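*Asks:* After the structure tokens below, expect a handful of questions from me.
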Amino acid sequence: MKTIKLGLLGMGVVGSGVVKLIEKNRADITRRLGADLIITKVAVRDLTKPRSVSLPEGVVTDDPYAVINDPDIDIVIEVMGGDEPARSLILQAIAAEKHVVTANKHLLALHGDEIYAACESKNVALGFEASVAGAVPVVRAIRDGFSGNRIESVYGIINGTCNYILTRMAEDGSSFEQALMEAQQLGFAEADPTFDVEGIDTAHKIAILASLAYQTGVDFHQIHVEGITGVGPEDIEAAKEFGYVIKLLAVARRQDDRLEIHVNPAMIPVEDQIASVGGAMNAVELNCGMGGINTLVGPGAGEGPTSSAIMADVVEIARHAILGDGYPMPPMGAPIHAVSPTPIIPMDQLVTCYYLRFQVADQPGVMARIAGALGECNISIATMYQNGRQRKANKPVSVMMTTHTACEADVKRALDILIKSNILLAPTTLIRMEGGE
Ligand SMILES: NC(=O)c1ccc[n+]([C@@H]2O[C@H](COP(=O)([O-])OP(=O)(O)OC[C@H]3O[C@@H](n4cnc5c(N)ncnc54)[C@H](OP(=O)(O)O)[C@@H]3O)[C@@H](O)[C@H]2O)c1
5 MKTIKLGLLG
15 MGVVGSGVVK
25 LIEKNRADIT
35 RRLGADLIIT
45 KVAVRDLTKP
55 RSVSLPEGVV
65 TDDPYAVIND
75 PDIDIVIEVM
85 GGDEPARSLI
95 LQAIAAEKHV
105 VTANKHLLAL
115 HGDEIYAACE
125 SKNVALGFEA
135 SVAGAVPVVR
145 AIRDGFSGNR
155 IESVYGIING
165 TCNYILTRMA
175 EDGSSFEQAL
185 MEAQQLGFAE
195 ADPTFDVEGI
205 DTAHKIAILA
215 SLAYQTGVDF
225 HQIHVEGITG
235 VGPEDIEAAK
245 EFGYVIKLLA
255 VARRQDDRLE
265 IHVNPAMIPV
275 EDQIASVGGA
285 MNAVELNCGM
295 GGINTLVGPG
305 AGEGPTSSAI
315 MADVVEIARH
325 AILGDGYPMP
335 PMGAPIHAVS
345 PTPIIPMDQL
355 VTCYYLRFQV
365 ADQPGVMARI
375 AGALGECNIS
385 IATMYQNGRQ
395 RKANKPVSVM
405 MTTHTACEAD
415 VKRALDILIK
425 SNILLAPTTL
435 IRMEGGE
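Take 5 as the starting number for the sequence shown in my numbering and just add one per residue.
Structure, rendered in structure tokens:
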């Protein structure tokens with residue numbers, strides 16, 4: 005029986021999952037591959053830490069270089085996370101002509117170009133299915149499944165923590181803080197949830213998907229990113245009133261020769277396929293041109309789903325290594341020399357519908373001034389809503405409006421006029437809307 009030798013950099017949540025998955029499904033994997041997978045070396049930081057898996061003596065080390073310098077190892081699985089030393093270790097593994105599988109979205113969003121180019125120059129494979137949407141095979145769908153199509157848009161919910169929080173807020177009326185605490189207790193959110201709730205994790209993932217879908221380098225720092233910390237129960241309630249749900253949405257849309265790419269809380273019509281995707285689930289909608297609109301839904305994180313995606317890459321790479329067919333698919337699905345930058349559309353030029361929540365004094369004339377400022381900036385109001393239950397004498401009231409399609413620069417201009425008019429008692433909440441007109 006042939007063998008494929010694996011080295012792991014990290015054995016935390018995901019690394020332990022990989023070890024468990026291989027043990028649990030060994031017979032199936034061996035049958036599919038016609039070869040046995042052997043975990044030869046695993047690097048961790050702290051050898052004294054209790055582990056949920058056990059490996060033969062001598063396999064676990066605290067020296068990551070023992071993994072990448074082991075001449076027997078065919079595939080290095082990087083599941084340590086972070087920037088350094090992960091980046092250097094991956095580059096050294098590639099230089100040593102080892103195939104690499106990683107779940108590290110942060111690293112690929114910031115240093116993907118360098119890593120993709122290194123893989124191509126050494127003719128080794130890079131698997132990164134686990135970096136986006138857990139078990140959902142979205143990388144494979146874009147790179148392989150729809151490779152005959154011109155992808156027009158990638159749109160979706162790719163952070164389970166935020167989806168869980170927003171779902172709890174919508175279903176139980178929880179505050180953001182309550183929902184976050186519950187997510188942490190259930191293991192859906194980190195102790196420090198900043199990367200998730202501020203939208204940064206989602207931006208890492210959409211940068212990776214956009215670069216694959218449009219075969220372009222995406223400058224992560226040019227992506228407009230807003231998290232969900234500003235979404236309040238009033239916004240969730242107003243969304244329901246208007247027939248929408250609020251989701252943290254990642255969008256990458258082709259517009260002629262430019263790219264619209266952003267991460268922000270968005271109102272999605274309740275009838276939209278992804279609107280009903282709740283809890284910690286992920287959903288990605290791919291508009292594939294002639295291939296139609298395809299929605300992939302599944303668990304987006306955690307030990308099981310993430311290790312499932314890692315193993316899909318390991319099995320694919322191992323198959324080609326066994327065949328010796330000189331395979332490696334270019335990591336971006338196109339040779340690096342064919343990849344060119346695409347200009348990103350500035351947010352000010354975005355044209356969509358908007359939800360605005362103003363906090364104003366409950367006085368005559370206030371509504372007329374808001375309507376006047378919007379009108380002066382070519383913005384037409386579609387619907388208006390005022391939550392009657394909150395009206396108390398001398399207290400600010402929230403006035404919620406949705407607009408017809410407007411240019412974001414005009415919306416910002418109207419908000420500036422209103423700020424200067426001194427009728428606003430707190431910053432205005434702005435949420436972009438999908439599917440309006
Ligand atoms: N958790 C998820 O649901 C999920 C989902 C998708 C993608 N990912 C990605 O998968 C990667 C791993 O995530 P995780 O949740 O498994 O992280 P984790 O639980 O913190 O595990 C990290 C592992 O790497 C080891 N490690 C860290 N720095 C090291 C170093 N310098 N030398 C040797 N070992 C080192 C740690 O050793 P010790 O155990 O000794 O501390 C630990 O075993 C990250 O890139 C993450 O973004 C995670």
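Built from N, CA and C at the ideal position, the CB exists for glycine as well. Just so you know, these numbers come straight off a predicted model, no measurement behind them.
(1) Any chance the segment 160-177 sits against the segment 337-351, with 3 or more Cβ pairs inside 8 Å?
(2) Hey, is Ser-125 close to ligand 2, as in C-beta under 7 Å from one of its heavy atoms?
(3) Quick one: using the 10 Å Cβ neighbour count with 16 as the cut-off for buried, is Thr-356 buried or exposed?
(4) Would you kindly work out how many angstroms separate the C-alpha atoms of Thr-65 and Leu-59, rounded to a whole number?
(5) Work out the CA separation of Gln-182 and Glu-82 for me, nearest whole Å.
(6) Going by beta-carbon coordinates alone, are Val-267 and Glu-230 separated by less than 8 Å?
(7) Select from Met-336, Arg-417, Tyr-358 the residue whose C-alpha is nearest the C-alpha of Glu-380.
(8) Taking the Cβ atom as the reference point for each residue, do Met-15 and Val-48 lie within a distance shorter than 8 Å?
(9) Rounding to the nearest angstrom, what Cα-Cα distance links Val-301 and Ala-386 in this structure?
(10) Using 8 Å for Cβ pairs, my map puts Ile-43 next to Ile-26. What's the rounded Cβ distance?
(11) Taking only heavy atoms of ligand 1 into account, decide whether any of them is closer than 7 Å to the Cβ of Asp-87.
(12) Which first and last residues belong to the beta strand (DSSP E) in which Gln-259 is found?
(13) Any heavy atom of ligand 1 inside 7 Å of the beta-carbon of Met-315?
(14) What is the DSSP secondary structure of Leu-428, reduced to helix, strand or coil?
(15) For Tyr-218, name the three-state secondary structure that DSSP assigns.
(16) Around the C-beta of Lys-28, are 16 or more other C-beta atoms found within 10 angstroms, so that it is buried, or is it exposed?
(17) Mind checking who Cys-166 pairs with in its DSSP beta bridge?
(18) Provide the residue(s) that pair with Glu-289 in DSSP beta bridges, ordered along the chain.
(19) Under 8 Å between the Cβ atoms of Val-343 and Ile-427?
(20) For the alpha helix (DSSP H) that contains Phe-180, what are its first and last residues?
(21) What's the call for Gly-247, buried or exposed, on a 16-neighbour Cβ count within 10 Å?
(22) Confirm, please, whether the CB-CB distance from Lys-109 to Lys-24 is below 8 Å.
(23) Do you know offhand how far Tyr-331's Cα is from Ala-129's?
(24) Judging by CA-CA distance, which residue of Glu-175, Thr-409, Asp-276, Glu-264 is the nearest neighbour of Pro-237?
(25) Taking contact to mean 3 or more Cβ pairs, one atom from each stretch, closer than 8 Å, check whether the segment 184-192 and the segment 218-230 are in contact.
(26) Buried or exposed for Thr-198, going by 16 or more other Cβ atoms inside 10 Å?
(27) Evaluate Ile-423 with the Cβ neighbour count: other Cβ atoms within 10 Å of its Cβ, from every protein chain shown; 16 or more gives buried, anything less gives exposed.
(28) Which runs of the beta strand (DSSP E) spanning at least 3 residues fall entirely within the segment 395-424, listed in chain order?
(29) Count the CB pairs spanning the segment 115-130 and the segment 291-305 that are closer than 8 Å, and state whether there are at least three.
(30) Helix, strand or coil: which one does DSSP assign to Tyr-358?
(31) Assuming Ser-157 and Arg-36 make a contact with CB atoms under 8 Å, what is their CB distance in whole Å?
(32) Where DSSP assigns a beta bridge to Ala-2, which residues make up the other side?
(33) Starting from Arg-36, follow the beta strand (DSSP E) in both directions and report where the run begins and ends.
(34) As a quick exercise: from Ile-278, His-324, Thr-433, pick the residue whose alpha carbon is nearest that of Ile-79.
(35) Please determine whether the Cβ atom of Ala-195 lies at a distance below 7 Å from any heavy atom of ligand 1.
(36) Where Ile-340 and Thr-220 are concerned, what is the direct C-alpha to C-alpha distance, given to the nearest angstrom?
*Replies:* Working from what's here:
(1) no
(2) Judged by which ligands are present, ligand 2 is missing from the structure shown, whose ligands are ligand 1.
(3) buried
(4) 11 Å
(5) 34 Å
(6) yes
(7) Arg-417
(8) yes
(9) 32 Å
(10) 7 Å
(11) no
(12) 248-259
(13) no
(14) strand
(15) coil
(16) exposed
(17) DSSP, once it has assigned bridges, lists no residue as partnering Cys-166.
(18) Tyr-159, Thr-299
(19) no
(20) 180-189
(21) exposed
(22) no
(23) 8 Å
(24) Glu-175
(25) no
(26) exposed
(27) exposed
(28) 400-407
(29) no
(30) strand
(31) At roughly 34 Å, the Cβ-Cβ gap does not stay under 8 Å, so Ser-157 and Arg-36 are not in contact.
(32) Past the edges of the chain, shown from 5 to 441, lies residue 2, and the structure says nothing about it.
(33) Note, Arg-36: premise wrong, no beta strand (DSSP E); alpha helix (DSSP H) at 30-37.
(34) His-324
(35) no
(36) 9 Å
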